[in-house]
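Trainee: Letter 404 of the sequence shown, counting from 1, is numbered 405 in our numbering, and no numbers are missing.
Questions regarding the structure given below will be posed in turn.
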Amino acid sequence: MLISKSSLMLTVFLNQFKPKLGPILMSLMLTGVSPSHLAAQDSAGDWPHYRGDITGKGFSTLTTITPANVSTLEIKWRFSLRNGDDPNSRNPNSQVTPILLGDRMYLPTVDSIVALDSLTGTEIWRFPIPEGRPSRRGVAYWPGNADFSSRIIFTVGNRLIALNSESGLLDQSFGDRGEVDMGIPYISVPLVYEDIIVVGANTPPGTQGGIGNPRAFSAISGEKLWEFSSVPQPGASGHDTWADESWENRLGANAWPFYFTVDATTDLLYLPLASPLPFAYGGDRAGDNLFANSIVAVDIHSGDYVWHFQTIHHDLWDHDPPAPPTLFDIDRDGSTVPALAVTTKSGYLFILNRETGAAIFGIEEQPVASSSIPGEVASPTQPIPSITPPMARVRFGLDELVTSDLTSPDHAQACADLIATTGEIYNDGPYTPWTLKDSSGAGAATLLFPGLAGGPNWGGVAFDPNSKLAFVFASDLGTLGWLEETGEEFPYSLSTPRPSAFAVTIDGQVLPCQKPPWSHLTAVDTTSGEIAWRIPVGVSESLPAENQNTGRPGRASSLVTASDLLFIAATDDNRLRALRASTGEMLWEDSLEQRGNANPMTFLDSAGNQRIAISATDELIVYGLRD
């Protein structure tokens, strides 16, 4: 930690004259916080939240980097995310998107929280985590008030921790000497809104245990404010969607995603709630299982329920909403409609009125295949958008098996061998249920599309308020699996081959066995619900040059700027790319030494230069225009 000589001298001076100074002035000066740090900074060059702002758009108004000059981007500085004293320490496998306020950037490393100078990447302070590991996804910022200095908020397992943003020291006025026991682990980024901190929960596998309810705490004191029951308790609306007391101590239905969004005009907080656990067999939990697999709008001040929309009834596929809704306004029929867009790992994009939860473009309950598993009562229908097509593949037939002319003879043959080894493969379109294999291995294997990882995943939806385009990145990687009898109290468990993906590995690269593309970046016109453009993103370098533009799997999302640029890393071919947002035209790319499995961000450094930042596994890389 860096403390200037002048700051130390000032502290000594103030300690001599404490009685003559007001408590507020002392608080400000002793923490090294100037009055300008007391109010939330709203500069266009800041990036104060995980996705830029509380609406989750992943959008910046910065325009210095343009389609005309983006090709001149070059690396300006790098910062290692490994242990500061040991560059060979454990791999952080970072998924961080930093935040930036003024001239400081804040982010977690593998074992610390750091503040960096935005111009040079020089470390200003470091707070080591003595026990546990900080969230590898990011931190949050509270601007402070007249009595308390600004804070950096983050989680370590069950612990919610506050640091003084200027000094990097534990803020002793928060909780118990800077920490709060949340009661349940949360390994993502808290939301800070006004004086409220919202956290989710990450619950372990199993059928019973601590319910993964989202919680809110005071950003001032750390006091718990409210807790929302993600599984409705007796007497609450939705309780009857859990048959035979299956609601009791139910795991899952937790808000695990990386961040949250909130509407400042209505104070509605949007909770993306996950699948029940275990997910693959639901014979012990007949019913729709609210509020699992739902977007729930609650009053952020009280946690009171306002509305919900369930994206999947009685989920058997772990296809929860992996990111919160993105909030925006659209013009329809001469009026402004408050809207949101949310994806699920099932591949669908839902566009709803964010004040009511009503579908803007229509959603139909469509029949889906029934389950043959004894005791399982799958939902006979699922909600499917009636206008907006799926963002990812949702069905498969053997006529869609890859051919040698599309990829390579070696790949096509390896996939044919996989089919022969697997035996009968079952896919009946969206929400195909799991099959049952006996102890001898007889029976078909379900081929699930999208696979267990999606489809769209935790990156979320990016939105351009100028063009009204919403951007969704989604993988097309199927999963093979089936249920087997356990012979125990819980009768069935999911089994998968190794590897479980419907893919083969050639020359060290995973190649899916359906016809490419194997990922899409889709731009959706939110005024109509229809696709504006769709392109594959990522190359398969193990294939012949003419067949490499296949798209590659990934889980992160994109950054959009007001200069009609879209930046995305995400894919496993280890590249950062820039596209023209209005058309999908590829404009620039740079190879990364490791995968950029994170959402990019942009900011102005202290000299007024626009920068693009991406976390690439074990380092943060910052780009700028060539001087």
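Where is the CB? At the ideal position from N, CA and C, for every residue including glycine.
In the DSSP assignment, the alpha helix (DSSP H) including residue 410 goes from what residue to what residue?
Mentor: 410–423
Trainee: Quick check on residue 587: buried or exposed, where buried means 16 or more other Cβ atoms within 10 Å of its Cβ?
Mentor: Classification for residue 587: exposed.
Trainee: Using three-state DSSP, classify residue 241 as helix, strand or coil.
Mentor: DSSP places residue 241 in helix when its eight states are reduced to three.
Trainee: State buried or exposed for residue 189, treating a residue as buried only when at least 16 other CB atoms are found within 10 Å of its CB.
Mentor: buried
Trainee: Of all the options 157, 185, 183, 150, which has the alpha carbon lying nearest to the alpha carbon of residue 170?
Mentor: 150
Trainee: For residue 462, which of helix, strand or coil comes out of DSSP?
Mentor: coil
Trainee: Is it right to say residue 410 is buried, meaning 16 or more other beta carbons lie within 10 angstroms of its own, or is it exposed?
Mentor: exposed
Trainee: Return the chain-ordered list of same chain residues with a C-beta closer than 6 angstroms to the C-beta of residue 597, the five sequence neighbours on each side being excluded.
Mentor: 570, 577, 615, 617
Trainee: Mark residue 131 as exposed unless 16 or more other C-beta atoms lie within 10 angstroms of its C-beta, in which case mark it buried.
Mentor: exposed
Trainee: Which of the three DSSP states, helix, strand or coil, is assigned to residue 561?
Mentor: strand
Trainee: What beta strand (DSSP E) runs, 3 residues minimum, are completely inside the segment 542–607?
Mentor: 559–562, 566–569, 576–581, 587–592, 602–605
Trainee: Identify which residue in 288, 579, 531 has its Cα closest to the Cα of residue 381.
Mentor: Nearest option by C-alpha distance: 288.
Trainee: In the DSSP assignment, find the beta strand (DSSP E) that holds residue 330 and state where it starts and stops.
Mentor: Per DSSP, residue 330 belongs to the beta strand (DSSP E) from 327–333.
Trainee: Should residue 155 go down as buried or exposed, given a rule of 16 or more other Cβ atoms within 10 Å for buried?
Mentor: buried
Trainee: Using only the alpha-carbon positions, how far apart do residue 194 and residue 55 sit?
Mentor: 8 angstroms
Trainee: Determine the closest residue to residue 217 out of 234, 192, 233, with distance taken between C-alpha atoms.
Mentor: Nearest to residue 217 by C-alpha distance, out of 234, 192, 233, is 192.
Trainee: Which residue spans inside the segment 126–174 form an unbroken beta strand (DSSP E) run of at least 3?
Mentor: 141–143, 152–157, 160–165
Trainee: Compute the Euclidean distance between the alpha carbons of residue 440 and residue 568, then round it to the nearest angstrom.
Mentor: 49 angstroms
Trainee: Taking residue 432 and residue 370 to be in contact with their CB atoms under 8 angstroms, please state how far apart those CB atoms are, rounded to whole angstroms.
Mentor: 7 angstroms
Trainee: Which word fits residue 608, buried or exposed, when buried means at least 16 other C-beta atoms lie within 10 angstroms of its C-beta?
Mentor: Classification for residue 608: exposed.
Trainee: Using only alpha-carbon positions, find the residue among 240, 147, 453, 327 that is nearest to residue 293.
Mentor: Ranking the options by Cα distance to residue 293, first place goes to 240.
Trainee: So, at 6 angstroms on beta carbons, what are the nonlocal neighbours of residue 427 in its own chain, with the 5 sequence-adjacent residues on each side left out?
Mentor: 436, 445, 447
Trainee: For a test of the three-state rule: what should DSSP assign to residue 399, helix, strand or coil?
Mentor: helix
Trainee: What residues in its chain sit with their C-beta under 6 angstroms from that of residue 564, if we drop five residues either side in the sequence?
Mentor: Cβ neighbours of residue 564 beyond the five flanking positions: 64, 67.
Trainee: Could you check the C-alpha separation between residue 332 and residue 105 for me, to the nearest Å?
Mentor: 37 angstroms
Trainee: From the DSSP output, in three-state form, read off residue 1 for me.
Mentor: Residue 1 lies beyond the range of the chain shown here (2 to 628); nothing can be said about it.
Trainee: Can you say whether residue 377 is buried or exposed, counting buried as having 16 or more other CB atoms within 10 angstroms of its CB?
Mentor: buried
Trainee: For the beta strand (DSSP E) that contains residue 354, what are its first and last residues?
Mentor: 350–354
Trainee: Do you know how far the Cα of residue 515 is from the Cα of residue 90?
Mentor: 39 angstroms
Trainee: So residue 622 packs on residue 76, CB below 8 angstroms; how close in whole Å?
Mentor: 6 angstroms
Trainee: Does residue 121 come out as helix, strand or coil in the three-state DSSP assignment?
Mentor: coil
Trainee: If we ignore side chains and look at the alpha-carbon of each, how far apart do residue 1 and residue 579 end up?
Mentor: The structure shown does not extend to residue 1, since the chain is modelled only from 2 through 628, so no value can be given for it.
Trainee: Are three or more beta carbon pairs between the segment 531–538 and the segment 398–406 nearer than 8 angstroms?
Mentor: no
Trainee: Below 8 angstroms on the Cβ atoms is my contact criterion, and I expect residue 197 with residue 226 to pass it. Report the Cβ-Cβ distance as a whole number of Å.
Mentor: 7 angstroms
Trainee: Could you check what DSSP says for residue 204 in three-state terms: helix, strand or coil?
Mentor: coil
Trainee: Starting from residue 535, follow the beta strand (DSSP E) in both directions and report where the run begins and ends.
Mentor: 531–536
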